[in-house]
Amino acid sequence: MSHSDLSKSVKELINSHGMPEREVYLDGENSGLIIPEALEAMVKAYMSDGRGHPSITHLIGWTSYQSLYEATENIAKVINCSPDEIVYTHSGTEANNLAIFGSVGHSPNRRKVLVSSIEHLSVIFPAEKLRKYGYKVIKIPVDSEGFLDIDFLSKHVDGETLLVSVAIVNHEIGTIQDMRAVRDVVRDKDEGVLIHTDACDALGRVPLDLKKLDVDLASFSSHKVYGPKGVGALYVREGIKLEPIIYGQLSTQKLWPGVENVPGIVGFSKAVTTLYKSFEDNFRRMTSLRDKLITTILDSIEHTLLNGPTGIKRAPDNVNISFLYCEGEALTVDLSMRGIYVSSGSACTSRVLEPSHVLLAIGRKHEEAHGSLLMKVSPFHTASDIDYVLSVLPESVKRLRSLNPVKPSGR
Amino acid sequence: MENPDAEAIAGSLACGDMIAIYLRIEESSEKIVDAKFESYGCAANIAAASILTEMIKGKSVREAWNISWRDISNELDGLPPVKYHCGVLAVGALKRAIRAYYEKRSKPEWLPKELTQEEKHTLEEETLMEILANKMRNQKQLQNE
Chain S
13 MSHSDLSKSV
23 KELINSHGMP
33 EREVYLDGEN
43 SGLIIPEALE
53 AMVKAYMSDG
63 RGHPSITHLI
73 GWTSYQSLYE
83 ATENIAKVIN
93 CSPDEIVYTH
103 SGTEANNLAI
113 FGSVGHSPNR
123 RKVLVSSIEH
133 LSVIFPAEKL
143 RKYGYKVIKI
153 PVDSEGFLDI
163 DFLSKHVDGE
173 TLLVSVAIVN
183 HEIGTIQDMR
193 AVRDVVRDKD
203 EGVLIHTDAC
213 DALGRVPLDL
223 KKLDVDLASF
233 SSHKVYGPKG
243 VGALYVREGI
253 KLEPIIYGQL
263 STQKLWPGVE
273 NVPGIVGFSK
283 AVTTLYKSFE
293 DNFRRMTSLR
303 DKLITTILDS
313 IEHTLLNGPT
323 GIKRAPDNVN
333 ISFLYCEGEA
343 LTVDLSMRGI
353 YVSSGSACTS
363 RVLEPSHVLL
373 AIGRKHEEAH
383 GSLLMKVSPF
393 HTASDIDYVL
403 SVLPESVKRL
413 RSLNPVKPSG
423 R
Chain R
300 MENPDAEAIA
310 GSLACGDMIA
320 IYLRIEESSE
330 KIVDAKFESY
340 GCAANIAAAS
350 ILTEMIKGKS
360 VREAWNISWR
370 DISNELDGLP
380 PVKYHCGVLA
390 VGALKRAIRA
400 YYEKRSKPEW
410 LPKELTQEEK
420 HTLEEETLME
430 ILANKMRNQK
440 QLQNE
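In the order they appear, the protein sequences are chains S and R. When the letters of the first sequence are read in order and numbered with this note's numbering, they come out as residues 13 to 423. When the letters of the second sequence are read in order and numbered with this note's numbering, they come out as residues 300 to 444.
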């Protein structure tokens with residue numbers, strides 16, 4: 013199907029969908045709203061002091077450099093690192109790729125990489141690519157709530173190991189890992205092993221202090237903190253020598269050539285500082301909305317399973333529930349018609365659906381994974397938004413279940 | 300449907316794709332007087348099953364047998380390639396239901412003994428899942444040994 017055909021049918025789809033009377037966007041996992049202050053800062057940068065190339069010698073270049081530096085300084089303050097330790101990319105995916113492929117340059121003789129089995133695909137796929145180049149790539153198993161098997165890690169990490177990559181917060185099921193345990197085990201075995209953490213889903217959700225965290229590499233993504241799309245960042249601890257993975261004209265940063273997206277970075281910085289300014293309030297608000305969603309759904313809808321842990325070991329924004337006997341993708345479409353936007357762990361794009369690798373890794377069966385919904389609350393949602401979702405969801409589930417040839421009672 | 304004259308299921312919960320077809324058939328004329336479906340799957344799966352039941356109402360069993368997944372796709376103004384299998388599964392379920400109908404009756408000469416493409420694909424999809432799951436288990440073991 014060509015792009016013009018596709019665009020025509022998408023247009024028709026939008027027309028027949030119609031405009032729902034009320035909308036609640038809970039798909040922060042796949043990008044969404046932008047904090048108004050961040051957008052304002054970005055527009056201002058585009059219109060005045062961030063519109064130029066930050067390494068060119070004229071006034072517009074210098075003001076752009078200044079905007080870029082200040083934005084970086086503000087981010088560095090929040091996550092407690094030096095501005096020199098931040099490399100900008102254009103997405104979290106790119107930051108993860110730089111971390112994995114770039115680390116090859118740090119210790120070329122180490123040929124073993126360990127990643128958790130529930131990492132984002134932008135970590136899993138680069139790691140699997142390294143396997144093709146002769147690297148030994150081991151996936152660290154997790155338990156039924158997504159917590160890393162630390163003993164397994166301890167058994168397999170050694171002097172041959174180049175890199176260990178474990179996300180602080182899992183993007184799908186919200187598991188908050190014990191990074192101190194990861195670090196202690198790895199450092200205890202061998203001081204030369206690089207530790208990378210994909211922190212895209214941790215930023216804004218948990219307190220982040222890179223000095224205390226004591227990792228070598230950490231990835232961030234702007235749109236996951238309600239900043240503009242098209243900005244990612246990799247923290248590279250001072251002294252770590254990564255190899256660039258793309259080449260071209262260098263500007264202010266050695267590891268990622270090309271013109272920096274200064275307005276985007278300014279917006280990203282504003283989003284980060286705005287979120288952390290009211291971190292406590294945001295955290296409390298998200299946790300209460302999250303728990304209202306989870307407990308009401310589990311209490312009022314039969315045959316539901318919570319994926320991931322509960323309480324303080326779960327990210328405050330993450331709700332992931334499997335609705336058995338109900339296919340997830342159909343549910344996202346049904347909910348969309350009622351103005352509720354969520355995503356599913358089932359992607360129907362092939363004859364045999366490949367459900368989320370995260371849900372399979374925590375031991376969910378295929379049919380349990382197919383019925384999963386991922387909802388992410390934000391500090392900008394209200395209790396009334398959640399009430400609306402809870403007033404619509406049970407009916408949608410009931411409707412789709414009534415269509416299913418297999419009924420919950422079994423047949 | 301209460302006491303259908305024929306019914307069949309294609310697909311499985313594990314594949315994330317399942318369609319059941321129920322038929323009410325008038326014995327003397329061999330006409331499908333009513334058809335119902337049940338579905339577990341994405342929106343395209345539901346749409347394919349639903350439109351198929353609309354298409355076969357009032358048709359003779361033989362006419363219904365000759366409907367292909369492409370007819371379903373055309374009726375829906377074109378299924379995208381990644382959703383072709385939804386049409387295939389719907390036809391697979393219908394053909395199974397028709398075969399079930401003739402199980403206890405004398406088989407008409409137009410009903411082929413060998414499985415059609417759609418029925419083969421449906422079977423493949425049902426067994427592929429099991430093969431894949433086994434493969435994944437083996438790979439996992441290899442990786443972590």
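Idealized CB from N, CA, C, for every residue including glycine. Just so you know, these numbers come straight off a predicted model, no measurement behind them.
Alpha-carbon spacing of S362/S relative to P417/S, whole angstroms: Numbered from 1 along the first sequence, position 350 holds the residue referred to as residue 362/S. Numbered from 1 along the first sequence, position 405 holds the residue referred to as residue 417/S. Residue placement at S362/S cannot be trusted, given a pLDDT of 49 that sits under 50; the coordinates are not used to answer.
Selection from N42/S, A83/S, G158/S, I87/S that minimises the alpha carbon distance to K325/S: Here residue 325/S corresponds to residue number 313 of the first sequence, with the count starting at 1. Nearest C-alpha to K325/S: G158/S.
CA-to-CA distance, S348/S to N273/S, given in whole angstroms: Locating residue 273/S in the first sequence gives position 261, counting from the first residue. Locating residue 348/S in the first sequence gives position 336, counting from the first residue. If I take the Cα positions, the gap works out to 33 Å.
Where I47/S falls, given that 16 or more other Cβ within 10 Å makes a residue buried: The residue you call residue 47/S lines up with position 35 of the first sequence. Under this definition I47/S is a buried residue.
Straight-line Cα distance separating Y58/S from D155/S: One-based indexing of the first sequence puts residue 155/S at position 143. One-based indexing of the first sequence puts residue 58/S at position 46. Going by the C-alpha atoms only, they are around 47 Å apart.
Own chain, CB closer than 6 Å to S128/S, minus 5 neighbours either side, in chain order: As a position in the first sequence, residue 128/S is number 116, starting the count at 1. Excluding sequence neighbours, S128/S sits near I152, L160, V178.
9 Å Cβ cutoff met for K144/S and E172/S: Counted from its first residue, the first sequence places residue 144/S at position 132. Counted from its first residue, the first sequence places residue 172/S at position 160. No, the pair does not count as a contact, with Cβ atoms beyond the cut-off.
Cβ contact (3+ pairs, closer than 8 Å) linking the stretch 371-384 of chain S and the stretch 334-353 of chain S: yes
Sheet register partners of E325/R (DSSP bridge): Here the question's residue 325/R lines up with position 26 in the second sequence. Answer is K330/R.
Secondary structure of M298/S, DSSP reduced to three states: Indexing the first sequence from 1 puts residue 298/S at position 286. If DSSP states are grouped into helix, strand and coil, M298/S belongs with the helices.
Cβ-based burial, M31/S [other Cβ within 10 Å; buried from 16]: Position 19 of the first sequence, counted from the first residue, corresponds to residue 31/S. Counting Cβ neighbours within 10 Å, M31/S comes out exposed, since fewer than 16 surround it.
Exposure of G310/R, with buried meaning 16 or more beta-carbon neighbours within 10 Å: Numbered from its first residue, the second sequence carries residue 310/R at position 11. So G310/R counts as buried.
Rounded Cβ spacing between V370/S and E184/S (contact assumed at less than 8 Å): Taking the first residue of the first sequence as position 1, residue 370/S is located at position 358. Taking the first residue of the first sequence as position 1, residue 184/S is located at position 172. Indeed, because the Cβ distance is near 4 Å, the residues count as touching under 8 Å.
DSSP three-state assignment for T187/S, whether helix, strand or coil: As a first step, residue 187/S must be located in the first sequence, where it is residue number 175. Here T187/S sits in strand by DSSP.
Residue-chain proximity (S362/S, chain R), Cβ-Cβ < 9 Å: Here residue 362/S corresponds to residue number 350 of the first sequence, with the count starting at 1. For S362/S, the pLDDT reaches just 49, beneath the cut-off of 50, and the residue's location in the model is therefore unreliable, although a value from the coordinates is still provided. Yes, S362/S lies at the interface with chain R (some Cβ there is under 9 Å from its Cβ).
Span of the alpha helix (DSSP H), counted from its first residue to its last, around T344/S: Mapped onto the first sequence, residue 344/S falls at position 332. Unbroken alpha helix (DSSP H) run through T344/S: 340-349.
Sequence ranges, beta strand (DSSP E) only - wholly within the stretch 293-337 of chain S, length at least 3: 316-318, 330-335
Where K115/S falls, given that 16 or more other Cβ within 10 Å makes a residue buried: The sequence position of residue 115/S within the first sequence is 103, counting from 1. Just to set this straight, residue 115/S is Ser in the shown sequence, not Lys. Buried, by the Cβ-count rule.
Alpha carbon of L18/S to alpha carbon of K89/S, nearest angstrom: Taking the first residue of the first sequence as position 1, residue 18/S is located at position 6. Taking the first residue of the first sequence as position 1, residue 89/S is located at position 77. L18/S and K89/S: Cα-Cα distance of roughly 45 Å.
Which listed residue (A245/S, G375/S, T209/S, T264/S) has its alpha carbon closest to that of I68/S: For the purposes of this step, residue 68/S is taken as residue 56 along the first sequence, with counting starting at 1. Nearest C-alpha to I68/S: T264/S.
Stretch pair the stretch 383-390 of chain R + the stretch 308-328 of chain R: three plus CB contacts closer than 8 Å: yes
Whole-Å CB distance - A107/S paired with S281/S, under 8 Å assumed: The count along the first sequence starts at 1 and reaches residue 107/S at position 95. The count along the first sequence starts at 1 and reaches residue 281/S at position 269. About 16 Å; that fails the 8 Å criterion.
Sub-9 Å separation of I207/S and D226/S beta-carbons: Sequence index remark: in the first sequence, residue 207/S carries index 195 (1-based). Sequence index remark: in the first sequence, residue 226/S carries index 214 (1-based). Cβ atoms of I207/S and D226/S: closer than 9 Å.
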